[in-house]
Amino acid sequence: MTKILLIDVEKCTGCYSCVTTCSLVHEGVFSLNKSRIRLLKLEEKCLSIPLICEQCEESPCIEACPVNAIFRDSNGLVKINRDICTGCASCVQVCPYHGIRMIENKASICDLCNGDPACVRVCVPTKAIQFVDDTVENRRRKRELMSKKMDLFNKYFKDYEIV
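All residue numbers in the sequence shown are consecutive under this note's numbering, ending with 443.
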């Protein structure tokens, strides 16, 4: 059975464990700028919003890529071939969830750590990020959580420049 990520912003404490772990696993360094997860924080509201590829069903990033560097693999996951990515950032512009990062001038997204997401393993205290079976109920929950996340994003960060 395949699995999906659930990200609950109401549980996120903004500890950055997911962000730094992601950069270490993928880039070999602890770096907020090299992580495939971005964390937006609004301290006065106690709000933290992890921005990560949501593997959305529509995937406008695939259509926007002029060189076909973004594709669905045999498991149905959205992937980026960084070797052919030109760094045009067309995908970044169309991503409704702000889940694509430009790292060293190449588009980068969550690859679910080949089925064992490191961010999930370090999000122990609150379990704000979970990797769950891809069931009808969990898909419904994912849509709810994505909607809630984007409502909060649009309310508090709409004019924030995502880089």
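All residues carry an ideal CB built from backbone N, CA and C; glycine is no exception.
What's the call for Leu-392, buried or exposed, on a 16-neighbour Cβ count within 10 Å? Burial call: buried.
With a floor of 4 residues, list each alpha helix (DSSP H) that falls wholly inside the region 368–443, ordered by position along the chain. Inside the region 368–443, DSSP marks whole alpha helix (DSSP H) runs of 4 or more residues at positions 370–374, 398–402, 416–436, from first to last along the chain.
Where does Ile-364 land, buried or exposed, given buried means 16+ other C-beta within 10 angstroms? Its Cβ having fewer than 16 others within 10 Å, Ile-364 is exposed.
At which residues does the beta strand (DSSP E) containing Pro-330 begin and terminate? Unbroken beta strand (DSSP E) run through Pro-330: 327–331.
Measure the C-alpha to C-alpha separation of Glu-424 and Gln-410 and round it to an integer number of angstroms. The straight-line gap from Cα to Cα measures roughly 14 Å.
With hydrogens ignored, establish whether the beta-carbon of Asn-434 is closer than 7 Å to any heavy atom of the ligand ADP. Only the bare structure without any ligand can be found here, which leaves the ligand ADP out of the picture.
Excluding five sequence neighbours on each side, which residues of the same chain lie with their C-beta closer than 7 Å to the C-beta of Asp-431? Here the set comprises nothing.
Could you please give the first and the last residue of the uninterrupted beta strand (DSSP E) stretch that includes Val-358? In the DSSP annotation of this structure, the continuous segment of the beta strand (DSSP E) that includes Val-358 starts and ends at 358–360.
Helix, strand or coil: how does DSSP classify Ile-284 here? DSSP places Ile-284 in strand when its eight states are reduced to three.
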